[in-house]
Structure formats: C-alpha cells, structure tokens
Amino acid sequence: MRISLLAASALSLATCSSFVSPAKAQVASEHASSIPGSSPQEEGPSVNSKFGAPSPFAPQAAGVNAANLPDNPSMDPAEVTPMVPQQSATPAEGDWAAYGRDDDASRYSPLAQITPENVGQLQRAFIYHTGSKPAPGQANKWAAETTPLKVGDGLYMCSATNDMMKLDPATGREIWRFKAGVQFHSIPYTAACKSVVYYTSSTTPEGQPCHNRIVEATLDERLISVDADTGEACKNFGFNGQINLMQGMGESVPGFVSETAPPPIINGVIVTNQEVLDGQRRWAPSGVIRGYDAESGKFLWAWDVNRPNDHSQPAPGEHYSRGTPNSWAAMTGDNALGLVYVPTGNSAADYYSALRTPEENAVSSSIVAIDVKTGSPRWVFQTVHKDVWDYDLGSQATKFDFPTDHGPVPALIVPTKRGETFVLDRATGKPLLPVEERPAPAGHIPGDPRAATQPWSTGMPRLGFPPLKESDMWGMSPIDQLFCRIKFRRARYEGEFTAPSLDKPWIEYPGYNGGSDWGSMAYDAKTGILIANWNNTPMYDQLVTRRRADKLGMRPIDSPYFDAKSGGAEGNGAQADTPYGIVVTPFWDQFTGMMCNKPPYGAITAIDMHTRKVLWQTPLGTARANGPFGLPTYLPLKIGTPNNGGPIITAGGLVFVAAATDNLIRAIDIKTGKTVWSDVLPGGGQATPMTYEYKGRQYIAIMAGGHHFMMTPVTDDLVVYALPKTGN
1 MRISLLAASA LSLATCSSFV SPAKAQVASE HASSIPGSSP QEEGPSVNSK
51 FGAPSPFAPQ AAGVNAANLP DNPSMDPAEV TPMVPQQSAT PAEGDWAAYG
101 RDDDASRYSP LAQITPENVG QLQRAFIYHT GSKPAPGQAN KWAAETTPLK
151 VGDGLYMCSA TNDMMKLDPA TGREIWRFKA GVQFHSIPYT AACKSVVYYT
201 SSTTPEGQPC HNRIVEATLD ERLISVDADT GEACKNFGFN GQINLMQGMG
251 ESVPGFVSET APPPIINGVI VTNQEVLDGQ RRWAPSGVIR GYDAESGKFL
301 WAWDVNRPND HSQPAPGEHY SRGTPNSWAA MTGDNALGLV YVPTGNSAAD
351 YYSALRTPEE NAVSSSIVAI DVKTGSPRWV FQTVHKDVWD YDLGSQATKF
401 DFPTDHGPVP ALIVPTKRGE TFVLDRATGK PLLPVEERPA PAGHIPGDPR
451 AATQPWSTGM PRLGFPPLKE SDMWGMSPID QLFCRIKFRR ARYEGEFTAP
501 SLDKPWIEYP GYNGGSDWGS MAYDAKTGIL IANWNNTPMY DQLVTRRRAD
551 KLGMRPIDSP YFDAKSGGAE GNGAQADTPY GIVVTPFWDQ FTGMMCNKPP
601 YGAITAIDMH TRKVLWQTPL GTARANGPFG LPTYLPLKIG TPNNGGPIIT
651 AGGLVFVAAA TDNLIRAIDI KTGKTVWSDV LPGGGQATPM TYEYKGRQYI
701 AIMAGGHHFM MTPVTDDLVV YALPKTGN
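For the record, in the sequence shown the residue sitting at position 198 is 198 according to the UniProt record's numbering, with numbers rising by one throughout.
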C-alpha cells in the first residue's frame, strides 16, 4: 500500500487535536508450509459479530464490466497446449523480453557497449510521448511506472492508462497503437502499467496473425491479447481479444480493484493477480489469483484463499470470497517447476486483523508458490505473521542458483518492505540461509492479539538502519528538531513491530514504503552481485474510532458519500465493517514537510551473494529538487531521498537507476558505487529502466512519467539514451 502525502498531511493536522504465528516458533524449516492454515490460530471476533458483515449504511454499488464482455467459459487445465520456448526464457543478447528482462527477473543485461569509461558521452537518442497524461485536476492519481520490452525489431510498451504501442527501437516512431479505452474513474490509487508480456503462440503458425502476441492486464479489469506485429486484437482469444476479469468478483465500483502488473505466462497459463484498494472496508473484492489458457483465454483455475479446495469459477450470482489477501506486485514464473511465485499482501483492512480467517492469516505477507496445473499452493513462506503494518510484499522475486557444497540449488530471492531479504529453495520454500523467530511486542487493541514472534533473515544483510532513538530526530533548525522530538515522545514506539493503538499514535518503522518495494532488485549471476535500492521512511499512524472516522469524512470508495479528496484512497482509510478507521502520515514536520528522522531516506546497496557481505552502500538521491515547504534547493547534496523504481545491471559494469525524487537517472560503477553519469529527466523517474541493442547500438530507456505519491513532475515521456553514432 502507498499513500498520497498531501492527503496524509491534511488528515494528520485534523487528527492531532488525537497466519497468526504459533505460540512457540520452531526451527527455520517451519517457515515453509505445504498446507496453508495448518498452524494453530488465535481467533478474533466471530464473523457474526457487530462488524462481521458489510455495513448496512454504506451500500455497495453494482458490479463493473467496462467492456460489457460476456462471461468467460472454463476449460480443463489438462487440455492446455504445451508451450513452445518463449523469448523470455533465454532472451537474445540485445533484447529485454520481460518486465525483469528474463524469466528469472534478473534485470541483468549482457550488453557491454556502454562502460564506466564512456558513459559520460551518453546523449538522448529520442523522447517518445505516450499521449497518456492526466487532465487538469487528475495528476493526483498518476504514475506510469512503465518498463518497455524489446524483442526483435520492436520496442513494446503500455501507457499509464493501458494503451499498447510498438515503437521503432532506433527512432521511437510509433508503428502501431492499441487503444484500451480505460476511463479515469477506473483508476484506483494511480494510473500505472508496469509492463506488458510478449508471448509466442503454440497453436498459431508462424506468419499468421497472433503467432506472436502482446498481453496486458488493465486498470479496469480486462485481460487483452493483441498481435505483436500489427496491434490488432487476437480474435480467438477470449471475446475479440479480451477477457472480463470482473467475472466472479461480486459487487464493486470502478477503481476498487485493478491490474497494474504484467501477468506472467508459465507453461501456457496466464496468471493474473490484482490490486485491491487498501483502507476501504473489510469485505472488499477478493484477492483471488486466477489462471487462463494463454491460447484461447479460457478460464483454468482460481486460488481463492477461503475456498482452498474449490478452484472453479463461482456460479452465476455467487462470487469469490471477499476481503482476502490480494497480490498487486509482479509475479515470477518457473517453467521448470511449473510454479508461479505470488507475493501477497494483507486481508482487507490492513491495520485490524480480528476479522481475518485462519486461512487468510496463513498466507498474508507471504510468497506463495502456486502449481499452474492445478491452482493449488505447493508451499508458503510468510515474511510477517498476522501483519497489521501493511508490510505486504511489493517486490518481484528473483530466481537464481544458490551455491552449496552439493551443487547449485534453484533458489528465490524475496525482498521485503522491512528491509529483510529471504533466500528460499524454489522447490520447497524452505530457507537456504538462517531465519530466526524473535519475540515481538504485544497488541493494544482488545480482541486483536499480535503474533508472539516475527521472522528475521539473519543470513542476509539488512537493508535499513537500527531502531529509532530520540537522538535520531532531525530538523532544518533547532525548533524543527524539538518539534520532532516532541512527536517522538508522544508516540508509542517499541521497535519494528510496534502494534497499532487507539490511545496514541505509533511509529511504524521502517514504514510501509520502507525497504524494497515494487522496483525490485537486480542480480548478476556471473559475479554474484545483487543490487537493491531501498527506503528509510517511518510513518506516524493512529487508529480512530468509527465515530471519529465518520467525522473526518472517511468513507470507503463504494459509499455514496465517498470523497476522493478525504484521504480515503491509499494510506488513510475508513476500514468500514470494522470498529476502527486508520490515519497514516509520514513521520515528518508537517509544517516544513521534512522527515523527522535524519537522512538518508533512501540508499542503494551492492551485496556479494557468495559471501553475503555488503560491497558498498551509498545514499540514493540528492537535494536538488527537494527542500523545506516543498521548495527545491537546487543543491547537489547527496542526502538520499525516498525512491520508487528499480535498478538494472549491465555487463559493461554499470548499474542504471532513477527512482529518487531528484528526477535524475544515474549510472553507477558496480565495482565502487560511485555515480559516473547522470541526467536530469523531464519528469520523475519512478520506473525501472531497461537496456537493449538495435543495429549494433546499445540504448538505455527510462519512463520519466513521474509519480503523484513521490510528488515528482508528471509527464508522458519515454526518454532513450545512446552513445554518439560513429562512422556513416
């Protein structure tokens, strides 16, 4: 979950005037379970309690089907056509064939034309305008987050509102465009499309339409497949190239549930997840994970947490179980093992867990390995027990071979917002590096006890800093620092897992935008170097009574009285159907807009995965576009800013990353951590860059679309760099 800082600030001023863990955790192997819900659970209030059903005074609107598509038929998963080898399995050297470049989500390119010695000569090759820009008054819901693909002679991408395009890789000339027709009211937290998927058909012959396809999932809950050469809809996929993903979701309103991540295709199965808008109500739309036949689009299976043995589509008039943990991050496919690795979030109502089922508690804030033949989980590894801090997994997991005395083990790197990085056996989910269960603070809300322990990845370096102290408080002046020290003393803070409270604010640190988020990590298998950028941004939270939430105007998105400007989107939320609303604000001086903890607020780290030692670590981001009262200082001070978007590694010895709020893209020498080149982007670089080669020339591309949460300039600019041309 993410918040609007401006809305959070306003609500902060208004309120200032106010799988449950087993009792005794055992060895690390118990972190992985093959049967979700098999551990002892602490029961909360009965579902028949006062807050156990949808609120009668906030009626839900009718279902959404923007494309007016008919229901999608099902097919037997055993009938799925075996998938031909895909470009993303072993991309051509000059291609970037998947969101993370390859099926491993490595974000590593073997291209080496650009090096630390010549990177200073980079110049803009072209800027492409997607044409997807917010209308006046709509910039508060905009952040493209897009990473293009390059396969063969095409650069493929999506706009913030899901138009798909093919570009000439050398000039940026638009070859075709598919207009998705997404409307503004379907935008949830933000207009974003992280990437598309390139797929080669197993049944359509080469040279025929839709042999090669581009697939995307949209903000208004559609799955679309088009011809990669022409952009024409694939008529034999779904209904004229589209599938209605609202089927079986029950009642909703536009913007409550959406798709922002590329749906991976594993062994001929397209797997979809969805973002469910946080903070709205306990009985929000389902977080169901679904599988579809990549050739026809027919439904194959569903993983619905509270219907573990029923993988079918709900019958007409029925729906998937509501309020279950959703998954909004990019998933990772594993063709060899037949698995998709799903990073999960929390059940609806992030900061109150008493109404969650044991099945939900067992799989929230976890990486879940789902068998793509059946839709059943093969294993689950949980990173936070009974999460009420919104520490959902926002990063895409990375596959790699973990070296052992008995040879390499297929492994998975799982980043977290906590800054803990877990390394797991891909086949079993068991940790390959030590994980400890440590005691955690008790809860403060009656009927909503906390887990007795929480997992810590002691075998990997932590991406973060020690617990906060009053002496860590910081300000532009002694008065600012004093104000922050007073805020620190007023709040409850018992370390990372300080439980939510009603009587006073609590400090959430490293915060739900801390650690690694959706930008994910990059890994060079040849050198064993892992690159991660991360955040250090504590939050200042407080539960409020239902009466207080009503007075603050906190209504769920499906209420007829909902006001989008009330802070009801991400962060602050009504949490309808529960006793409490939630106020979430940055831990900052709300007068100057500066964080209360001392910098850096963001950093980038290189880790040697052979030794698990930090090679270098440096603040990421300067003060040039940041300062008190929202005014830029224009100073190149390396303070380390909050950042969203990920890094990439090239064989030329460089790390390329934007992400920070200084609106720079930079190249870092992977050996030293020194920035050897940077350029000012026309908008915020809150996206993950990519690199490709075309006709002998290496290019670096970054979507400088900006991000309303990061308060960076919003544009529709894809900026592409290359070294100067040589010869004729």
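Every residue gets a Cβ at the ideal spot worked out from N, C-alpha and C, and that includes glycine.
In the DSSP annotation of this structure, the continuous segment of the beta strand (DSSP E) that includes I531 starts and ends at 529 to 535. A direct Cα-to-Cα measurement between P446 and D503 gives close to 12 Å. If you draw a straight line from the Cα of A191 to the Cα of V388, it comes to about 26 Å.
Per DSSP, reduced to three states, the secondary structure at C158 is strand. With 16 or more neighbouring CB atoms inside 10 Å of its own CB, K141 falls in the buried class. Under the three-state reduction of DSSP, D550 is assigned to helix. Distance from the CA atom of G673 to the CA atom of V657, rounded to whole angstroms, is 12 Å. DSSP places K487 outside any beta strand (DSSP E); the residue lies instead in the alpha helix (DSSP H), whose first and last residues are 478 to 490. Taking C-beta atoms as the reference points, A660 and G581 fail to come closer than 9 Å. The criterion of a C-beta distance shorter than 9 Å is satisfied by A348 and T324. With contacts defined as CB atoms closer than 9 Å, A369 and L339 qualify as a contacting pair. Two segments are said to touch when three or more pairs of C-beta atoms, one from each, lie closer than 8 Å; by this definition the region 677 to 689 does not touch the region 81 to 92.
Within the region 177 to 219, the beta strand (DSSP E) runs of at least 3 residues that lie entirely inside it are, in chain order, 197 to 200, 212 to 217. Shown here, E232 sits in coil according to DSSP, grouped into three states, outside any helix or strand. Taking C-beta atoms under 8 Å as the contact rule, M75 and L300 qualify, at a distance of about 6 Å. When secondary structure is reduced to three states using DSSP, G581 falls in the strand class. Counting only residues of its own chain and dropping the five nearest sequence neighbours on each side, E494 has a CB closer than 6 Å to the CB of P441.
The alpha-carbon of W96 is positioned some 16 Å away from that of V655. Just measuring C-alpha positions, the residue of M476, R418, S477, C484 sitting nearest W456 is R418. Between the region 452 to 466 and the region 431 to 441, the count of C-beta pairs closer than 8 Å reaches three or more; the two stretches touch. Contact check between the region 133 to 147 and the region 618 to 633: fewer than three CB pairs, one atom from each, fall below 8 Å, which does not count as touching. Taking every protein chain shown into account, the CB of A452 has 16 or more other CB atoms within 10 angstroms, so this residue is buried. Contact between T344 and V372 does not hold, since their C-beta atoms are separated by about 17 Å, which reaches or exceeds 8 Å. Under the three-state reduction of DSSP, D392 is assigned to coil, being neither helix nor strand. Between the alpha carbons of Q183 and V197 lies a gap of roughly 22 Å.
Ranked by how close their Cα comes to the Cα of P628, the residues V680, M476, R546 have M476 in first place. The way I'd put it, the region 511 to 519 doesn't touch the region 545 to 555; fewer than three beta-carbon pairs between them come closer than 8 Å. Counting every other CB atom within 10 Å of its CB across the protein chains shown gives I479 a total below 16, marking it as exposed. Contact holds between the region 506 to 514 and the region 535 to 552, because three or more Cβ pairs, one in each stretch, are under 8 Å apart. Residue G279 holds the alpha-carbon nearest to the alpha-carbon of T578 among E232, F483, E275, G279. For N361, the enclosing alpha helix (DSSP H) has its first and last residue at 358 to 363. P285 is not a Cβ neighbour of M331, given a cutoff of 9 Å. Unbroken beta strand (DSSP E) runs of no fewer than 3 residues, entirely contained in the region 308 to 351, are found at 332 to 334, 339 to 343, following chain order. K613 is bridged by DSSP to D608.
For E436, the uninterrupted beta strand (DSSP E) run begins and ends at 436 to 439, by DSSP. Assignment of beta-bridge partners to W301 by DSSP yields G291.
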